[in-house]
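A short write-up of the structure that comes next.
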C-alpha cells in the first residue's frame, strides 16, 4: 500500500478540489506520489496539500488536469505511468 491510512482518510474527507480529485484517483490506482510530483513539477508536500483540498495554483493547473485525465483513463498505475512518460 503506497498511501497511509491517514492520507487516504484525509483525502476522502477533503473538499473536492482539482487537487483532491487528483489525489482520489492516484490513491485508487495506487499511483505513487513521487510520480505525481515528477509529472506536475511540484514537491511531494505540495502534492499532499492538493490531496488535502488545497487549491492548485495556475502554475500547475494544466499539468494537474493532464495527469488527472491520464489517471481517469487508465486501469492501472503502470498504464498511467506509461502514458505519463509518453506525454512528457
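Numbering (the working numbering), first residue to last: 4 to 91. Even glycine gets a Cβ: it sits at the ideal position worked out from N, Cα and C. Remember, predicted model here, so these are calculated numbers, not experimental data.
A check of alpha carbon separations from residue 22 across 91, 50, 73 and 61 identifies 50 as the nearest.
Of the residues 91, 76, 61 and 14, the one whose Cα lies closest to the Cα of residue 52 is 14. Inclusion of residue 32 and residue 77 in the CB contact set at 9 Å is warranted, their separation being smaller than that value. Counting every other CB atom within 10 Å of its CB across the protein chains shown gives residue 37 a total below 16, marking it as exposed.
The DSSP-derived three-state label of residue 33 is coil.
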